[in-house]
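Student: Residue numbers (the numbering used here): 8 to 265.
The beta carbon of each residue, even a glycine, is placed where N, CA and C say it ideally should be.
For reference, the structure I am asking about is given below.
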């Protein structure tokens, strides 16, 4: 992992130099992915070139106090400039205009995607203001599953950990000596109350990595028996992978040949 760590830091530094911008902007959630992305940026660019945004929604209800405290802690640990913006005042009028009842479970997906896109709007707005670029915080497991919001958390100027499996992100977190809470906490995008990534998906990140590697090795096909993983889980992972192909392409363009 040390080789990967050095390569990530070197490539991010070179990308930053090539863009001729003044800052990198990163959303810090209190989770492992954004914390590791921040650590990479810190070692590659230094604290003076980083601006972090903490963007909770319904703090204490949907965004947990613990994650918010961890987000503040990691920013203070690296001594980077950061700003807190609560999303409540953005989401409320949006839901009113759309006549969207956020207490209706049928609307959870819409609400979750809306939160992700509002966060990304704020990140890019600050990038414009500070002549900066936005760092993506999605890992490879999420990308291949499509477990990200298109033009939301899936949008960035550079995908810092987009070629790392979730497992590798944790390994990097240990290498950077991140606080233990980042390593042990249950992964959650906190897009709605009591949300858990693995509970929502119906399988673990470790199982997802095993199956996804199998799909890639077999040229987008799938084996029915993999390491004693339940066949239904294998099928679900494969379907998530296939159904999210459009998320891994910037945009489909018509009339490619005239």
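Going by other Cβ atoms of all chains shown within 10 Å of its Cβ, with 16 needed for buried, is residue 135 buried or exposed?
Tutor: Taking the chain shown and counting its residues from 1, one reaches residue 135 at position 128. When all chains shown are included, residue 135 counts as exposed.
Student: Express the C-alpha separation of residue 86 and residue 130 in angstroms, rounding to a whole number.
Tutor: Here residue 130 refers to the residue found at position 123 of the chain shown. Here residue 86 refers to the residue found at position 79 of the chain shown. Distance between the alpha carbons of residue 130 and residue 86 is about 19 Å.
Student: By the 10 Å Cβ neighbour count, where 16 or more other Cβ atoms means buried, how is residue 214 classified, buried or exposed?
Tutor: In the chain shown, the residue the question calls residue 214 occupies position 207. Buried, since its Cβ has 16 or more Cβ neighbours within 10 Å.
Student: How close, in whole Å, do the beta carbons of residue 250 and residue 153 come, if the pair is a contact with beta carbons under 8 Å?
Tutor: For the purposes of this step, residue 250 is identified with residue 243 of the chain shown, where counting begins at 1. For the purposes of this step, residue 153 is identified with residue 146 of the chain shown, where counting begins at 1. Right, their Cβ atoms sit about 7 Å apart.
Student: Alpha carbons only, please: which of 247, 218 and 223 is nearest the one belonging to residue 234?
Tutor: Here residue 234 corresponds to residue number 227 of the chain shown, with the count starting at 1. Selected option, being the one with the closest Cα: 218.
Student: Report the partner residues of residue 252 according to the DSSP bridge assignment.
Tutor: Numbered from 1 along the chain shown, position 245 holds the residue referred to as residue 252. None; residue 252 has no bridge partner.
Student: Under a three-way DSSP split, which group does residue 122 fall into?
Tutor: Position 115 of the chain shown, counted from the start, is the residue given in the question as residue 122. If DSSP states are grouped into helix, strand and coil, residue 122 belongs with the helices.
Student: Under a Cβ-count criterion, where at least 16 other Cβ atoms within 10 Å of its own Cβ denotes burial, should residue 173 be classed as buried or exposed?
Tutor: The count along the chain shown starts at 1 and reaches residue 173 at position 166. So residue 173 ends up on the buried side.
Student: Quick one, are the C-beta atoms of residue 37 and residue 78 less than 7 Å apart?
Tutor: Mapped onto the chain shown, residue 37 falls at position 30. Mapped onto the chain shown, residue 78 falls at position 71. Cβ distance < 7 Å, so residue 37 and residue 78 count as in contact.
Student: Among the residues of its own chain, which have a CB less than 8 Å from the CB of residue 180, if the five just before and after it don't count?
Tutor: Position 173 of the chain shown, counted from the start, is the residue given in the question as residue 180. Only 39, 42, 43, 46, 189 and 190 meet the Cβ criterion.
Student: Taking residue 72 as the reference, which of 200, 252 and 246 has the closest Cα?
Tutor: Counting from 1 along the chain shown, the entry for residue 72 is found at position 65. For the residues 200, 252 and 246, the minimum Cα distance to residue 72 belongs to 200.
Student: Can you list the alpha helix (DSSP H) stretches of 4 or more residues lying completely in the stretch 9 to 84, in chain order?
Tutor: Runs of the alpha helix (DSSP H) inside the stretch 9 to 84: 9 to 26, 39 to 52 and 72 to 84.
Student: Quick one: grab the DSSP three-state call for residue 137.
Tutor: For the purposes of this step, residue 137 is taken as the residue at position 130 of the chain shown. It is helical.
Student: Reducing DSSP to helix, strand and coil, say where residue 166 ends up.
Tutor: Start at 1 with the first residue of the chain shown, and residue 166 comes out as number 159. DSSP places residue 166 in strand when its eight states are reduced to three.
Student: Would you say residue 49 and residue 182 are within 7 Å of each other, going by their C-beta atoms?
Tutor: If you number the chain shown from 1, residue 49 lands on position 42. If you number the chain shown from 1, residue 182 lands on position 175. In this structure, residue 182 does not lie closer than 7 Å to residue 49 by Cβ.
Student: Where DSSP assigns a beta bridge to residue 89, which residues make up the other side?
Tutor: Here residue 89 refers to the residue found at position 82 when the chain shown is read from its first residue. Per DSSP, 59.
Student: Which two residues bound the contiguous alpha helix (DSSP H) that contains residue 193?
Tutor: Taking the first residue of the chain shown as 1, we reach residue 193 at position 186. First-last for residue 193: undefined, no H or E at that position.
Student: Quick one: what's got a C-beta closer than 6 Å to residue 133's C-beta in the same chain, skipping five residues either side?
Tutor: The residue you call residue 133 lines up with position 126 of the chain shown. So the qualifying residues of the chain are 32.
Student: With three or more beta-carbon pairs closer than 8 Å as the criterion, would you say the stretch 192 to 208 touches the stretch 57 to 76?
Tutor: The answer is yes - the stretch 57 to 76 touches the stretch 192 to 208, with three or more Cβ pairs under 8 Å.
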